[in-house]
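Student: Have a look at this one.
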Amino acid sequence: MIFSKTLIYWYSNSKRILPWRQTKDSYYIWLSEIILQQTQVKQGLPYYEAFVATYPTVFDLAKANERDVLKLWQGLGYYSRARNLHTTAKHIAYELNGKFPNSYNELLKLKGVGDYTASAIASICFNEVTAVVDGNVYRVLSRFFGIDTPINSSKGSKEFKQLAQELIDKKNPAEFNQAIMEFGAMQCKPKQPDCNICPLNKGCIAFNTNRIAELPVKIKSVKAKKKHFNFLVFISKDEKTILEKRENKGIWQNLYQFPLVETSREQTYNAFKKRVTSHHLLKDTPFELTLYNKDAIIHKLSHQHLYTKFWIVNTDALSANSISVDKIQDFPVPILIGNFIENFNF
DNA sequence: AACTCGGGGAT
DNA sequence: ATCCCAGAGTT
């Protein structure tokens with residue numbers, strides 16, 4: 001009781017003014033929650049503004065093409081969020097007649113909406129007593145109550161969800177949920193939290209037993225694997241190039257890229273020229289090959305480190321599936337490709 | 001239960 | 001380098 005009251009009081013004085021805190025419209029709250037999954041407020045904020053401006057209603061989002069939605073999402077990462085966002089918008093607009101689901105159980109059925117997001121929307125928009133458990137909540141609860149169950153174990157997720165559900169202010173679930181998350185983000189930070197001015201420090205087990213740095217406990221993830229990406233940047237005399245859609249599963253699904261040649265090791269100029277001479281886009285075609293970046297660009301993702309080289313391929317003409325280089329900005333691309341396009345003078 | 005999915009920021 | 005971020009879906 002004192003725990004939740006303290007958090008809510010702290011929140012009332014210390015919360016940031018954010019656009020999604022000025023509304024209880026489920027469409028906007030949903031949009032903000034999807035954007036903010038595994039994403040810091042600072043990074044997600046401009047994307048939220050862009051989506052609200054471009055798609056003011058769920059019908060506007062439903063009407064869009066996936067390519068445009070992905071383009072607006074470009075750079076934010078975890079692109080399945082954008083694909084699911086669009087799928088769910090169409091579902092709500094056309095099958096639910098625009099009526100947004102208004103309970104935890106119904107929200108949970110939406111693609112891209114899991115336990116956290118269903119709890120957040122249900123509490124914020126509909127005052128349902130469903131506790132959110134995100135990274136902030138894990139941190140605050142594990143420290144205050146001195147719980148060392150790994151947060152990314154199934155035992156841990158159940159344990160923390162149950163604890164949060166017991167602690168939530170039944171009269172004001174919306175404020176409590178947002179308060180504990182904001183508290184975790186601003187005060188009970190991962191590194192060097194300012195415990196000396198913390199309103200909860202007297203009862204905090206981690207603080208009083210000097211275990212702040214050890215909590216929460218998390219099971220280590222596997223190390224990232226190295227991959228070698230070689231992109232073929234075609235340029236024809238009539239200023240066309242080739243972009244291909246990534247259709248398969250894996251990273252960047254439904255985004256576009258220059259034709260990719262993945263290799264088991266870093267390619268030297270001579271070895272790569274020999275290799276691509278038999279490439280299906282290049283056989284029987286005279287071409288001139290130039291290596292754009294001598295040192296591989298290392299693009300780091302959670303599970304992969306992409307050692308990347310861009311190879312400029314000058315040809316006389318290109319096949320029918322080529323595009324004008326001035327149309328290149330219309331396509332959603334991974335930020336790795338986007339950075340190249342920005343730096344390269346087509 | 002373990003793995004996959006991005007990109008940026010802090011330390 | 002390593003960790004974290006208003007997590008969800010698949011295997």
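1 is the number of the first residue of the first sequence in full-length UniProt numbering; add one for each residue after it.
Just so you know, even glycine gets a beta-carbon here, dropped at the ideal spot from N, CA and C.
#1: From residue 358 to V325, what does the alpha carbon distance come to, in whole angstroms?
#2: May I ask you to report which of helix, strand or coil DSSP gives F3?
#3: Are the beta-carbon atoms of D115 and K237 separated by less than 8 Å?
#4: Could you tell me whether the stretch 285-298 touches the stretch 246-254, where touching means 3 or more Cβ pairs closer than 8 Å?
#5: DSSP on Y27, reduced to helix/strand/coil?
#6: Quick one: using the 10 Å Cβ neighbour count with 16 as the cut-off for buried, is residue 350 buried or exposed?
#7: With a threshold of 6 Å on Cβ separation, who are the neighbours of K24 within its own chain once the five nearest residues in sequence on each side are excluded?
#8: Jot down the residue ranges of each uninterrupted beta strand (DSSP E) in the stretch 267-296, minimum 3 residues, whole runs only, in chain order.
#9: DSSP has Y307 in a bridge; who is on the other side?
#10: If I measure Cβ to Cβ from G44 and keep anything under 6 Å in the same chain, skipping five residues before and after, which residues do I get?
#11: Are at least three pairs of beta-carbons, each pair with one atom in the stretch 51-68 and one in the stretch 84-94, less than 8 Å apart?
#12: I want to know whether the stretch 214-227 touches the stretch 163-171 - three or more CB-CB distances under 8 Å.
#13: Bridge partners for F234 per DSSP, in chain order?
#14: Along the chain, where does the alpha helix (DSSP H) containing E182 start, and where does it finish?
#15: Buried or exposed for K309, please, with buried defined as at least 16 other CB atoms from any protein chain shown within 10 angstroms of its CB.
#16: So, for Y11: in the same chain, excluding its five sequence neighbours on each side, which residues have a beta-carbon less than 8 Å away from its beta-carbon?
#17: Considering only their Cβ atoms, is the gap separating I323 from I341 smaller than 8 Å?
#18: Could you tell me if F346 is buried or exposed, where buried requires 16 or more neighbouring beta carbons within 10 angstroms of its beta carbon?
#19: For V140, report the span of its alpha helix (DSSP H) as first-last.
#20: For Y256, name the three-state secondary structure that DSSP assigns.
#21: Quick check: Q304 and K225, are their CB atoms within less than 8 Å of each other?
#22: Quick check: what's the CA-CA separation for K227 versus Y307?
#23: Kindly indicate which three-state DSSP category V217 falls into: helix, strand or coil?
#24: Per the contact definition of three or more C-beta pairs closer than 8 Å, is the stretch 258-278 in contact with the stretch 195-215?
#25: To the nearest angstrom, how far is it from the Cα of I251 to the Cα of P199?
#26: Going by Cα to Cα distance, which pick from V333, N343, F344 and N339 is closest to Y78?
#27: Near I8, what residues of its chain come up, given a Cβ to Cβ distance below 8 Å and the 5 sequence neighbours on each side ignored?
#28: Does the pairing of the stretch 102-122 with the stretch 131-151 give three or more beta-carbon distances under 8 Å?
#29: Using CA coordinates, which residue listed in S154, A164 and I298 is at the minimum distance from residue 355?
#30: In the DSSP assignment, what are the bridge partners of T241?
#31: How about I235 and N127: do their beta carbons lie closer than 8 Å?
#32: Looking only at its chain, what residues have a beta carbon closer than 8 Å to the beta carbon of Q253, apart from the 5 residues adjacent to it on each side?
#33: So, helix, strand or coil for residue 347, using DSSP?
#34: Could you check whether L243 and F258 sit closer than 8 Å to each other, using their CB atoms as the reference points?
#35: Give me the Cα-Cα distance between I147 and L141, rounded to the nearest whole angstrom.
Tutor: This is what the structure holds:
#1: Residue numbering for the chain in the displayed model covers 1 to 346; residue 358 lies beyond these limits and cannot be assessed.
#2: helix
#3: no
#4: no
#5: helix
#6: Lying outside 1 to 346, the shown extent of the chain, residue 350 is not represented and no answer is given.
#7: C125
#8: 288-291
#9: H228 and I298
#10: I35 and L36
#11: yes
#12: no
#13: V313
#14: P173 to M186
#15: buried
#16: E175, Q178, A179, E182 and F183
#17: no
#18: exposed
#19: G135 to F144
#20: strand
#21: yes
#22: 6 Å
#23: coil
#24: no
#25: 43 Å
#26: V333
#27: D169, N172, E175, F176 and A179
#28: yes
#29: Here the chain comprises residues numbered 1 to 346, so residue 355 is not present and cannot be evaluated.
#30: I323
#31: no
#32: Y79, S80, R83, R246 and E247
#33: Lying outside 1 to 346, the shown extent of the chain, residue 347 is not represented and no answer is given.
#34: yes
#35: 7 Å
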